[in-house]
Amino acid sequence: MACPSCDLLYDVAGLRDGEKASCSRCGDFLTRMRSDGFIKLQSYAIAGLVSLMIGCAFPFLSFKSSGLESVMTLPQMVIQLYEQGRPDLAFLVAAFIIALPAAVLVLLLVLSTCIIRQRYYAWMVPVTRLVFHMQSWSMVEVFFIGVLVSLVKIGHMATVVIGLSFWGYGAFSVLFIFAIASLDRLQYWNELDRLAGLQHAG
Amino acid sequence: MQGDTAAARHLASCHLCLKLADASLHHCPRCGEPLHLRKSNSLQRTLALLVTACVLYIPANVLPIMITDQLGSVEPSTILGGVVLLIDMGSMPIAAVIFIASVMVPLGKLIALFYLCWSVSRGRHINTRQRTVIYRATELIGKWSMVDVFVVSILVALVHLTGLLVILPGAAAVAFAGVVIVTIIAAESFDPRIIWDQQEQTDE
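Taken in order, these protein sequences are the chains called A and B. Numbered per the numbering used here, the first sequence spans residues 28 to 229. Numbered per the numbering used here, the second sequence spans residues -16 to 187.
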């Protein structure tokens, strides 16, 4: 492989399980060999999707002042932005924090399941390309920091109650990062290549 | 002595699946992505996107990012106004988070990418490794500037006690989201390998 940052050539075929390769010239991460990578990927994807469902289905935060209360869920947040005359903002937020990360996890779940079962289908190649393109636009962890900042910002104005979905989404953001971290580009494509070769031979 | 680069052997490394393939091919034989030895017109594209981001940065800071309507008194606030307000309220850590994410990160990113483009176009070959680290940092911190946009979204959705206290999104929120998105694309179109190409030319 060539280093993605400086193009120096490396032979990384001899890596043992758990070993990591970095570029000696520019220091960029190259790859990490992990034999249980796909199992981890599958588990994080399942757990992440379940917590995202929890994160969307229940009240996220509620806000009380002078006897009045307003409750917010994540889908409501998007609808609210849309109704306040900001459909552009509503679309961006929905895409970055719910739609793209959810799509990435669903597709990773399908792909890792196929790989674990040693199946190869031609559609796996374009789907994987799609996942890699979408993955860089997920802003799950950034949104969660935004939630924490908002909590402090309005905490003094009134009582803010944290709902079940807050914890659901918090878990989702951690699991999403774990899932992406266990997805190694080079190892993934090498495995896909190997499965394609097996199918050709069989 | 270090080994060869892929380009020196006329091999192109696919930016998506990392496969090495003959540089005369137009698409990666493994994943089908367009294949280039180096990202095409990387300097021009990055610079064009950076200028776009600078233009968007003006409304993002001048226009209000959110409008607070408390008992009928309407009060718009800009990004910097929000930071000042937080300092006045005594929440220094949050003021620092917002200041770093919405002012320092986008500005730092713009300056870093302008510097990288300038240093490459001038053919400078010092601090090659440091410049690669700067590039990776701009790639990494890019999306964190979205924090303020998300904070506004949450506040708008959460605080709507009609007649008592309502928070509305301002036009700057969209402009600012635009700045973040355009700078992310600008960082993506820059090819860090051209930093090293010049080093090799001078080494030879």
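All C-beta atoms, glycine included, are put in the ideal place defined by N, C-alpha and C. Just so you know, these numbers come straight off a predicted model, no measurement behind them.
For a contact defined as C-beta to C-beta under 9 Å, what are the partners of residue i on chain B?
i	result
R212 of chain A	L(-1), C0 and L1
S32 of chain A	T115, Y118, R119, P175, R176, I178 and W179
R43 of chain A	Near R43 of chain A there are no residues of chain B at all, since even the closest Cβ is about 20 Å away, more than 9 Å.
If you reduce the DSSP assignment to three classes, tell me which class residue i lands in.
i	result
F173 of chain B	coil
T61 of chain B	coil
I143 of chain A	helix
A48 of chain A	strand
T100 of chain A	coil
V105 of chain A	helix
D211 of chain A	coil
M49 of chain B	strand
D55 of chain A	coil
V188 of chain A	strand
L96 of chain B	helix
P114 of chain A	helix
P42 of chain B	helix
V149 of chain B	strand
H10 of chain B	strand
A40 of chain A	coil
S189 of chain B	One cannot answer for residue 189 of chain B here, as it falls past the ends of chain B, which runs -16 to 187.
M(-16) of chain B	Note that M(-16) of chain B scores a pLDDT of 40, beneath 50, so its modelled location is shaky and nothing firm can be said.
S92 of chain A	strand
P86 of chain A	coil
L144 of chain B	strand
S(-4) of chain B	strand
S74 of chain B	coil
E218 of chain A	helix
What separation, rounded to the nearest whole angstrom, lies between the Cα atoms of residue i and residue j?
i	j	result
D71 of chain B	V169 of chain A	25 Å
L93 of chain B	R144 of chain A	46 Å
E183 of chain B	K22 of chain B	18 Å
M(-16) of chain B	C33 of chain A	Because the pLDDT of M(-16) of chain B is 40, which lies under 50, any placement of that residue in the model is unreliable, and the number read from its coordinates should be weighed accordingly. The straight-line gap from Cα to Cα measures roughly 16 Å.
F65 of chain A	V158 of chain A	15 Å
L46 of chain B	A223 of chain A	54 Å
A84 of chain A	S192 of chain A	7 Å
D38 of chain A	N44 of chain B	49 Å
L175 of chain A	V188 of chain A	13 Å
V179 of chain A	A126 of chain A	27 Å
R61 of chain A	R212 of chain A	12 Å
D174 of chain B	L68 of chain A	29 Å
R59 of chain A	L123 of chain B	19 Å
I77 of chain B	V163 of chain B	20 Å
F159 of chain B	L90 of chain B	12 Å
Which residues of chain B have a Cβ atom closer than 8 Å to the Cβ of residue i, listed in chain order?
i	result
G54 of chain A	R112, T115 and V116
L88 of chain A	I137 and L141
Note down, in chain order, every chain B residue with its Cβ under 7 Å from the Cβ of residue i.
i	result
I172 of chain A	V130
D63 of chain A	In chain order: nothing, as chain B lies at least about 21 Å away.
Report yes or no: is there a C-beta of chain E within less than 8 Å of the C-beta of residue i?
i	result
I125 of chain A	Considering every chain present, this structure includes no chain E. Its protein chains are A and B.
Should residue i be labelled buried (16 or more other beta-carbon atoms within 10 Å of its own) or exposed?
i	result
Y71 of chain A	buried
Q107 of chain A	buried
R176 of chain B	buried
Q226 of chain A	exposed
D(-13) of chain B	exposed
Y147 of chain A	buried
S104 of chain B	exposed
S139 of chain A	buried
V134 of chain B	buried
L79 of chain A	buried
P102 of chain A	exposed
S85 of chain B	buried
Closer than 8 Å by beta-carbon distance: list the chain A residues that pair up with residue i, in chain order.
i	result
S7 of chain B	None at all; the shortest Cβ gap to chain A is about 16 Å.
Below 7 Å, is the gap between the Cβ of residue i and the nearest heavy atom of the ligand GDP?
i	result
T29 of chain B	Ligands in the displayed structure: none, and consequently the ligand GDP is not present.
In chain A, which residues lie with their C-beta within 9 Å of the C-beta of residue i?
i	result
A217 of chain B	Not covered by the structure: residue 217 of chain B. The range shown for chain B is -16 to 187.
Please list the partners that residue i has in chain A, where partner means a Cβ-to-Cβ separation under 7 Å.
i	result
K92 of chain B	In chain order: nothing, as chain A lies at least about 15 Å away.
P152 of chain B	L108, Q111, R113 and L116
> Okay, do the segment 25 to 32 of chain B and the segment 121 to 132 of chain B touch, 3+ Cβ pairs below 8 Å being the bar?
Replying inline: no
>> Pairs of beta-carbons, one from the segment 150 to 164 of chain B and one from the segment 48 to 55 of chain B, closer than 8 Å: are there three or more?
In response: yes
> Does the pairing of the segment 95 to 106 of chain A with the segment 137 to 149 of chain B give three or more beta-carbon distances under 8 Å?
Replying inline: yes
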